[in-house]
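Residue numbers (the numbering used here): 842 to 1057. Quick reminder that beta carbons are idealized off the backbone N, C-alpha and C, glycines included. In what follows, a single structure is set out as structure tokens and then discussed.
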Ligand code: E4P
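Now the structure itself:
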């Protein structure tokens, strides 16, 4: 399973990129707004200069025609762009028009297996089921990820499944077990994935034992 970073915070992206394990970045309008910037193009181009791999930037238009126009503009910002388009009737129409032109679409705000089937049929490069938001309303978000992976595999759709709306490290484990191709994780969760108290304890003990025999 690949790890994408789910943030528009440049400092977090720089720090995470240094680890060498980040294969892409997802943003959304809320994440960009949180950073206090209205310059989506500037933010996305800066992210693309830091991370090799797909960078998701979302359209805000409502009609298929406007979505197509906005997606074409966004995809011209960098060769690594994946345009985020919601799974709606307008979004499916736009994705069906954009995919044959080679524009990568990440169909977002996916909450069901049916929506994922339609996203794949429209030629989306990625589909993003939102695990945490499903859990929030009493559903089992990860079960939907697992079902989507199974169904897209059965019909050999090349659409890659991004487990999104990841809230804690256990979500990452479950996404991997569910067969998600990608998990997009907030920076805080990435750090939680790395850290373990026994690793910290072990590092301290090795250093202390080594010092006792006259080193350091
Ligand atoms: C990813 O593509 C989404 O933008 C993100 O994971 C949404 O997460 P949230 O439900 O925590 O806002």
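Boundaries (first-last residue) of the beta strand (DSSP E) holding residue i
i: residue 1038; result: First-last for residue 1038: 1038 to 1053, but that is the alpha helix (DSSP H), not the beta strand (DSSP E).
i: residue 947; result: 946 to 951
i: residue 1008; result: That residue, residue 1008, is in no beta strand (DSSP E); it is neither H nor E in DSSP.
i: residue 898; result: 896 to 899
Beta-carbon proximity list for residue i, same chain, < 6 Å, skipping 5 on both sides
i: residue 951; result: 928, 957, 968, 969 and 970
i: residue 1025; result: 845, 847, 867, 1003 and 1005
Per-residue DSSP class, three states only, for residue i
i: residue 1015; result: helix
i: residue 865; result: strand
i: residue 940; result: helix
i: residue 916; result: helix
i: residue 909; result: helix
i: residue 1030; result: helix
i: residue 972; result: helix
i: residue 1035; result: helix
i: residue 930; result: helix
i: residue 923; result: strand
i: residue 965; result: coil
Backbone CA spacing between residue i and residue j [nearest angstrom]
i: residue 898; j: residue 925; result: 6 Å
i: residue 896; j: residue 1044; result: 35 Å
i: residue 909; j: residue 943; result: 13 Å
i: residue 906; j: residue 931; result: 9 Å
i: residue 1052; j: residue 1007; result: 41 Å
i: residue 1028; j: residue 873; result: 14 Å
i: residue 856; j: residue 1034; result: 15 Å
i: residue 990; j: residue 959; result: 14 Å
i: residue 1013; j: residue 941; result: 32 Å
i: residue 935; j: residue 955; result: 18 Å
i: residue 894; j: residue 904; result: 28 Å
i: residue 980; j: residue 974; result: 9 Å
Beta-carbon contacts of residue i that lie in its chain and below 8 Å, excluding the five residues immediately before and after
i: residue 886; result: 918 and 919
Boundaries (first-last residue) of the alpha helix (DSSP H) holding residue i
i: residue 992; result: 982 to 995
i: residue 954; result: 954 to 962
Cβ-based neighbour list, residue i, same chain, cut-off 7 Å, excluding 5 preceding and 5 following
i: residue 986; result: 970, 972, 1002, 1004, 1016, 1019 and 1021
field: Residue ranges of each alpha helix (DSSP H) within the region 845 to 892, 4 or longer
entry: Fully enclosed alpha helix (DSSP H) runs of 4 or longer: 851 to 858, 870 to 875 and 881 to 891.
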